[in-house]
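Residue numbers (my numbering), protein chains in the order written: chain A, 261 to 522; chain B, 5 to 198.
Quick reminder that beta carbons are idealized off the backbone N, C-alpha and C, glycines included.
Keep in mind it's a predicted model, so treat the numbers as computed, not measured.
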Amino acid sequence: MLWRNNQNPKDLKLNFDISPEQLERFDAYLNDQMDDQQKKAFEQTLENDSALQAQFDDFREMVLGIEQSILSKQLDTFHLDMEEAENPPTRKIYQLPVFKYLAAACIGLLIVTIGWMLSSDVDHSQFVADTFKPDPGLPTLMGVQPAEGDSYKYDFNKAMVDYKFGRYDDAIDAWNALLKNQPQSDTLNYFLGVSHLAIGAAQKAQPHFEVVIDQNTSVFLNEAYWYYSLALMADGQIKAAKESLQQTEHPDKKLILDRLNE
Amino acid sequence: MQEQAATAPDPNAASQLIAAIKANDEQAMQRIYQLNFKKVESFVLQNNGNRSAAKDIYQEAFIAMWRNVKLDKFQAQNADAINGYLFRIARNKWLDHLKSAHNRRTISVEHHDQEKADEAQEDEALNQRLSNMHSAFEELGDECRVLLKYFYYAKKSMKEIADLLSLDPASARNKKYRCMQRLRQFALAKQSKS
């Protein structure tokens, strides 16, 4: 066993002063890519070279740290999958009848709020922040092993888990990386837009919604118009916000339009 | 310390499961995770805890189990042994938590067993270094994180990674080396502060 359990952990100094060739050798051993003869020779070398042994131990600890870092996030995914299996998430919550009653009950309050907003110098971005509710997201089904090479699905779903846990910055980083290869993806652009809006970056959200809206066929089109309107409002573009609101069927649309048109 | 389960041996199933955990097989680990959570949650809820605490302690226990398997500190003689081991780690961690919180309520379980002693000796220095490594890894750029994740966690070949990242294999190898150097630098900086 090459992992030296009896070594004082404080002695390890992250000895990574190794050559690229040595790294490949360590990788090959750790990933079990050596044949028996190579493996035996490598183990013999480690036994006879304490400096190399220390480097290998530190390298192995680095790898363990990388793996543990990723696993700790993956456990959140496992947990979310488990909870979603018990209580499947529902998109478009606002279409439920109960929401309509709630929306009606809130109309008075919203009218007062919007009236106050329009009659004073209230920051629209604050109003949007109070009104904004993030899209509930898509089911992740992380337990389904992606096909060989299907890293897109894997990375997308990991980011979706971050999104659902409110780690919008992480989700944005991951989705931006995927966007490089699929700049016209309506799904990526939609959730990037919502994520930016969720962290108050209304200007950054807008171009993402514009991609979705320009396609005109996306399943996210209705919601994209709604969130785009909020992004425009937060940015002070009231006229454009009103035009965008005309295109959405969101239940709060008429209420806000009426007030903006007064 | 290496532990062996005392139940009837089923070497094939056990070795396959251990191999799957060592390979970070998502499906296998997710099955283990979901199979055992409710039992741990019930234990925590029955012992002055809530659902959130149950999730946290369970995830800590899961990582400890995974790490001990990786480091050959646990050898299962049958596939079920891993479930019992995971539960015992979680139980002991929760009992430690209660004790550390000076909770004086009577705990209706016996916990002076071998795992308790083993877990009490868990290497705090290693935990700290891995915590530093976690922070360092999070500070790496997207490309490095993705590349290292593909290679060291998802166990993809450099050729697959090169294809996925639209790099030629030599560039991918060079990039991996530079990413490991950067990770080491970041980790050293964390270590010097801790």
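For Val471 (chain A), the closest alpha carbon among the candidates A:Ser489, A:Tyr423, A:His456 and A:Pro443 is that of A:Pro443. With a threshold of 16 other beta carbon atoms within 10 Å, Asn441 (chain A) falls short and is exposed. Neighbours of Asp146 (chain B) across chain A, judged by C-beta separation under 9 Å: Asp433, Ala434, Asn436 and Ala437. Residues of the same chain with a CB within less than 8 Å of the CB of Phe155 (chain B), apart from the 5 flanking positions on each side, are Met162, Ile165 and Lys180 in chain order.
Taking each of A:Leu505, A:Ile498 and A:Ala494 in turn and checking the Cα distance to Ala484 (chain A), the smallest one comes out for A:Leu505. Distances from the CA of Asp474 (chain A) to each of A:Asn449, A:Pro399 and A:Asp341 were compared; the closest alpha carbon is that of A:Asn449. Three or more Cβ pairs drawn from the region 133-152 of chain B and the region 185-197 of chain B lie within less than 8 Å of each other, which places the two stretches in contact.
Chain-order list of chain B residues neighbouring Val323 (chain A): Tyr156, by C-beta distance under 8 Å. For the pair Ser329 (chain A) and Phe141 (chain B), the CB atoms are nearer than the 8 Å cut-off.
Against His138 (chain B), the close residues of chain A are Gly325, Gln328, Ser329 and Ser332, in the order they occur along the chain (beta-carbon pairs closer than 8 Å).
Secondary structure in the region 414-496 of chain A: the alpha helix (DSSP H) runs of 4 residues or longer, each lying completely within the stretch, are 428-439, 446-458, 462-475 and 481-494 in chain order. Lys393 (chain A) has its alpha-carbon roughly 21 Å from the corresponding atom of Asp518 (chain A). If you look at His138 (chain B), you'll find it in the alpha helix (DSSP H) that goes Glu128 to Glu143. Within chain A, Leu324 have C-beta atoms less than 7 Å from the C-beta of Lys74 (chain B), given in sequence order.
Collapsing the DSSP output to three states places Gln34 (chain B) in a helix. Within its own chain, the residues whose Cβ lies closer than 6 Å to the Cβ of Gln466 (chain A), once the five positions on either side in sequence are excluded, are Ala491, listed in chain order. Note on Ala345 (chain A): under 16 other CB atoms within 10 angstroms of its CB, so exposed under the neighbour-count rule. As the crow flies, the alpha-carbon of His456 (chain A) is around 19 Å from that of Ile498 (chain A).
Between Asp287 (chain A) and Ala27 (chain B), the alpha-carbon positions lie close to 14 Å from each other. Using a Cβ-Cβ cut-off of 7 Å, Trp98 (chain B) is close to nothing in chain A; its nearest Cβ partner there is about 17 Å away. Per the C-alpha coordinates, the member of A:Val388, A:Asp390 and A:Lys413 positioned closest to Thr400 (chain A) is A:Lys413. Counting C-beta pairs with one atom in each stretch, the region 40-48 of chain B and the region 85-102 of chain B have three or more that are closer than 8 Å, which means they touch. Thr391 (chain A) sits in a helix when the DSSP states are folded into three classes.
Listed along chain A is no residue with a C-beta nearer than 8 Å to that of Asn52 (chain B); the closest approach is about 22 Å. By the CB criterion at 8 Å, Leu169 (chain B) and Ala176 (chain B) fall inside the cutoff. In this structure Gln34 (chain B) is buried. Its beta-carbon is surrounded by 16 or more other beta-carbon atoms within 10 angstroms. For the region 453-484 of chain A, the beta-carbon criterion of a distance under 9 Å to any beta-carbon of chain B is satisfied by none of its residues. Within its own chain, the residues whose Cβ lies closer than 7 Å to the Cβ of Cys183 (chain B), once the five positions on either side in sequence are excluded, are Leu144, Cys148, Leu151 and Leu152, listed in chain order. Leu290 (chain A) has its alpha-carbon roughly 11 Å from the corresponding atom of Lys74 (chain B). Counting along the chain, Gln304 (chain A) sits inside the alpha helix (DSSP H) bounded by residues Asp296 to Asn308.
Among the residues of chain A, those whose CB is under 8 Å from the CB of Ile67 (chain B) are Gln328, Leu331, Ser332 and Leu335, following chain order.
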